[in-house]
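So the protein sequences, as listed, match chains H and E. Mapped onto the working numbering, the consecutive letters of the first sequence carry residue numbers 363 to 604. Mapped onto the working numbering, the consecutive letters of the second sequence carry residue numbers -9 to 119. Don't be surprised by glycine CBs; every beta carbon is placed ideally from N, CA and C. Model, not experiment: these values are computed from the prediction. Here is the structure we will look at.
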Amino acid sequence: MMRLLDISFKRPSENLAFDEVLLDGAEGGQVGETLRFWESRTPFVVLGVSQVLRREVWEKNCVADRVPVFRRSSAGGCVLQGPGCLNFSLVLRRDGHPELKTIRGSYCYILGRISEAFRQQGAAVRHKGVSDLAMGGKKVSGNAQKRRRKYILHHGTLLYGFDAQHMERYLREPGDRPQYRGPRTHRGFLRALPIQPQQLKEVVCEAFDVGGEPEKPQAWELRAARALAREKHEALEWIRRR
Amino acid sequence: MLNMSPGHLKYTEDHEWIRDDGGIFVVGITQYAAEQLGDVAYVELPETDVEVEEGAEVATVESVEAASEVHAPVGGIIVEVNEALEERPGLINESPYDDGWLLKIEDVDPEELDDLLDATEYEAFLKNL
């Protein structure tokens, strides 16, 4: 039975660290599969693990507007987090379903389930490219993974309200672009889902048969996330590794 | 284009390969793993002179699609890492069994090699994925 958490931290670094703690805890046998939702009340930029900062971020604008830049441990592209961007994080056993054993297979499986759940609610959402969900040919969700021996962390955004102007002010046009994007800029490529966050959560829960009320995280998870946020996600050596 | 897993290597179910270079064991990831990841963008390699156990996470290979951990096929001491990957992480895609090696381990217990798959067994494992 998958655990449901709905927990957002004030500090961006703790939001990022907590996802890692969920994966570490599962890999270490302390917890099982988990679905988590979170949303930041303040804007911040998040790089994918191997992205080169100066190629992805308009750093001067971020500094001028006091929008901090962080780096997550999973792959994928650069994201502007903040209000209007709901995040879901799944920690899944690799042997829980045959398609989870491969990277492409796992994206198809996870995003296939979510898009089917959206369609059952009347929203024409489709899995596009490797790691996107799209509606009407425009991206509504980006996704990324970190894979360990027994478990994978798959997390994604669900845009229900975003500010294209701020996105273009902080995020450069990406070098890695899915074919369906074509030459479109952020403003022309992204769109908001016409669905409120509570219903978005219900759709994702439905996709993975997760029911009931969200649980409270364990005390050690909160401690571990605070420590990891401080030691890694707030460290310039990590943020500026590339 | 490489289609078959080289016969002189041994393999793990996590898609690592290992080669005995006269007592120094060279480790990398298989063509299958490299293809799964897509274009490798960065490799986080371990420190040298570090002792590791079999199965320990020793490196992370990162692409746009996933960040994937690499595990030590055997225990021992990491004596060298492939510094060429710093500038050319794509060597893992271009030459996964040769120039794209990741690290070297010595002081290996030979019995741990017996637990690994040979090329035929690895190919059979891949067919069942």
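Could you tell me the alpha carbon to alpha carbon distance between I95(E) and A554(H), rounded to whole angstroms?
To locate residue 95(E), count along the second sequence from 1; it is residue 105. To locate residue 554(H), count along the first sequence from 1; it is residue 192. Cα-Cα distance, rounded: 50 Å.
Sub-8 Å separation of F406(H) and L520(H) beta-carbons
The residue you call residue 406(H) lines up with position 44 of the first sequence. The residue you call residue 520(H) lines up with position 158 of the first sequence. No; because the gap between Cβ atoms is not below 8 Å, this pair is not in contact.
Hey, out of A31(E), V48(E), Y32(E) and Q26(E), whose CA is closest to D39(E)'s CA?
Within the second sequence, residue 39(E) is the residue found at index 49, counting from 1. Considering only A31(E), V48(E), Y32(E) and Q26(E), the residue with the shortest C-alpha distance to D39(E) is V48(E).
Reducing DSSP to helix, strand and coil, say where K0(E) ends up.
For this step, residue 0(E) is matched to residue 10 along the second sequence. In the structure shown, K0(E) falls within a strand segment according to DSSP collapsed to helix, strand and coil.
Please return the same chain residues whose Cβ sits closer than 7 Å to the Cβ of G394(H), not counting the five positions on each side in sequence.
Here residue 394(H) refers to the residue found at position 32 when the first sequence is read from its first residue. Contacts found: R365 and A388.
Kindly provide the ranges of any beta strand (DSSP E) runs that are 3 or more residues long and lie completely inside the region 41 to 95 of chain E, ordered along the chain.
Whole beta strand (DSSP E) segments, 3+ residues: 47 to 53, 57 to 61 and 66 to 71.
Cα separation between R580(H) and I369(H)?
Locating residue 580(H) in the first sequence gives position 218, where the first residue counts as 1. Locating residue 369(H) in the first sequence gives position 7, where the first residue counts as 1. Reading off the sequence shown, one finds Gln at residue 580(H), where the question assumed Arg. Straight-line measurement puts the Cα of I369(H) at about 12 Å from the Cα of Q580(H).
Nearest to H459(H) (by Cα), restricted to the options G12(E), P36(E), A46(E) and L119(E):
As a first step, residue 459(H) must be located in the first sequence, where it is residue number 97. When only C-alpha atoms are compared, the closest one is L119(E).
8 Å Cβ cutoff met for R454(H) and H516(H)
Within the first sequence, residue 454(H) is the residue found at index 92, counting from 1. Within the first sequence, residue 516(H) is the residue found at index 154, counting from 1. In the sequence as presented, Arg is not what sits at residue 454(H); that position holds Leu. Result yes, Cβ atoms of L454(H) and H516(H) sit closer than 8 Å.
Can you find a C-beta in chain E that's less than 8 Å from the C-beta of I557(H)?
Residue 557(H) sits at position 195 when you count from the first residue of the first sequence. With a threshold of 8 Å between beta carbons, I557(H) makes no contact with chain E.
Between the region 98 to 109 of chain E and the region 24 to 31 of chain E, do three or more beta carbon pairs fall short of 8 Å?
Segment contact: the region 98 to 109 of chain E against the region 24 to 31 of chain E, fewer than three CB-CB distances shorter than 8 Å; contact not assigned.
Measure from the C-beta of T519(H) to each C-beta in chain E and report whether the shortest distance is under 8 Å.
Here residue 519(H) refers to the residue found at position 157 when the first sequence is read from its first residue. Among the CB atoms of chain E, none fall inside 8 Å of the CB of T519(H).
Opening and closing residue of the alpha helix (DSSP H) in which A388(H) lies
The residue you call residue 388(H) lines up with position 26 of the first sequence. From DSSP, the alpha helix (DSSP H) with A388(H) extends over P374 to E389.
Is the CB of L(-1)(E) under 8 Å away from at least one CB in chain H?
Here residue -1(E) is taken as the residue at index 9 of the second sequence, counted from 1. No - not a single Cβ of chain H is within 8 Å of the one on L(-1)(E).
May I have the straight-line CA-CA distance separating M497(H) from T547(H), to the nearest angstrom?
The sequence position of residue 497(H) within the first sequence is 135, counting from 1. The sequence position of residue 547(H) within the first sequence is 185, counting from 1. Roughly 16 Å between the two C-alpha positions.
Kindly say whether D4(E), judged by its beta-carbon, lies nearer than 8 Å to any beta-carbon of chain H.
On the second sequence, residue 4(E) is found 14 positions in, with the first residue counted as 1. Interface flag for D4(E) against chain H is set, since a Cβ pair is found closer than 8 Å.
Kindly say whether S451(H), judged by its beta-carbon, lies nearer than 8 Å to any beta-carbon of chain E.
Here residue 451(H) is taken as the residue at index 89 of the first sequence, counted from 1. By this cut-off, S451(H) is not an interface position.
What are the boundary residues of the beta strand (DSSP E) that T519(H) is part of?
Within the first sequence, numbered from 1, the residue matching residue 519(H) stands at position 157. Here the beta strand (DSSP E) through T519(H) covers Y513 to L521.
How long is the line joining the alpha carbons of E599(H) and K117(E), rounded to whole angstroms?
For the purposes of this step, residue 599(H) is identified with residue 237 of the first sequence, where counting begins at 1. For the purposes of this step, residue 117(E) is identified with residue 127 of the second sequence, where counting begins at 1. Roughly 42 Å between the two C-alpha positions.
Under 8 Å between C-beta atoms, does A56(E) make it to chain H?
Mapped onto the second sequence, residue 56(E) falls at position 66. With 8 Å as the cut-off, A56(E) counts as an interface residue toward chain H.
From the DSSP secondary-structure annotation, give me the bridge partner or partners of S451(H).
Mapped onto the first sequence, residue 451(H) falls at position 89. BP columns for S451(H) point to R398(H) and H517(H).
Can a CB atom of chain E be found closer than 8 Å to the CB of S493(H)?
Locating residue 493(H) in the first sequence gives position 131, where the first residue counts as 1. Yes, because at least one Cβ of chain E sits closer than 8 Å to the Cβ of S493(H).
What alpha helix (DSSP H) runs, 4 residues minimum, are completely inside the region 455 to 534 of chain H?
Counting only runs of 4 or more, we get 465 to 482 and 526 to 532.
Output, in sequence order along the chain, the residues in the region 12 to 38 of chain E whose CB is closer than 7 Å to any CB in chain H.
Going along the region 12 to 38 of chain E in chain order, one finds Q26, L27, A31 and Y32 with a Cβ nearer than 7 Å to chain H.
Reducing DSSP to helix, strand and coil, say where Q392(H) ends up.
The residue given as residue 392(H) occupies position 30 in the first sequence. In this structure, Q392(H) counts as coil in the three-state DSSP scheme.
Quick test of the definition: if touching needs 3 or more C-beta pairs under 8 Å, does the region 464 to 476 of chain H touch the region 502 to 515 of chain H?
Under the 8 Å Cβ criterion, the region 464 to 476 of chain H counts as touching the region 502 to 515 of chain H, having at least three qualifying pairs.
Whole-number beta carbon distance between E6(E) and I14(E), since they are thought to touch under 8 Å:
Translated into the one-based positions of the second sequence, residue 14(E) becomes position 24. Translated into the one-based positions of the second sequence, residue 6(E) becomes position 16. About 16 Å; that fails the 8 Å criterion.
Touching or not, the region 427 to 434 of chain H and the region 399 to 413 of chain H, by the rule of three or more beta carbon pairs under 8 Å?
Three or more beta-carbon pairs separated by less than 8 Å link the region 427 to 434 of chain H to the region 399 to 413 of chain H, which places the two stretches in contact.
Host beta strand (DSSP E) of G18(E) (start-end):
Here residue 18(E) refers to the residue found at position 28 of the second sequence. Segment I14 to I19, the beta strand (DSSP E) holding G18(E).
Residues within the region 497 to 508 of chain H neighbouring chain E, beta-carbon criterion of under 7 Å
When CB distances to chain E are screened at a threshold of 7 Å, the residues of the region 497 to 508 of chain H falling below it are Q507 and K508, in chain order.
Does any CB atom of chain H fall closer than 8 Å to the CB of E59(E)?
As a working note, residue 59(E) is residue 69 in the second sequence. Yes, E59(E) lies at the interface with chain H (some Cβ there is under 8 Å from its Cβ).
Chain E contact residues for I472(H), given Cβ-Cβ distances below 9 Å
The residue labelled residue 472(H) in the question sits at position 110 within the first sequence. Result: empty, since nearest Cβ-Cβ is about 12 Å, beyond 9 Å.
Expected contact under 8 Å - CB spacing of V51(E) and V30(E) to nearest Å
Residue 51(E) sits at position 61 when you count from the first residue of the second sequence. Residue 30(E) sits at position 40 when you count from the first residue of the second sequence. Confirmed, about 6 Å.
Quick check on A31(E): does DSSP put it in helix, strand or coil?
One-based indexing of the second sequence puts residue 31(E) at position 41. The answer is strand: DSSP assigns A31(E) an E or B state.
Using a Cβ-Cβ distance under 8 Å, would L81(E) count as near chain H?
Locating residue 81(E) in the second sequence gives position 91, counting from the first residue. No Cβ of chain H is located within less than 8 Å of the beta carbon of L81(E).
Quick one: is A57(E) buried, meaning 16 or more other Cβ sit within 10 Å of its Cβ, or exposed?
Position 67 of the second sequence, counting from 1, holds the residue named residue 57(E). By the 10 Å Cβ count, A57(E) comes out buried.
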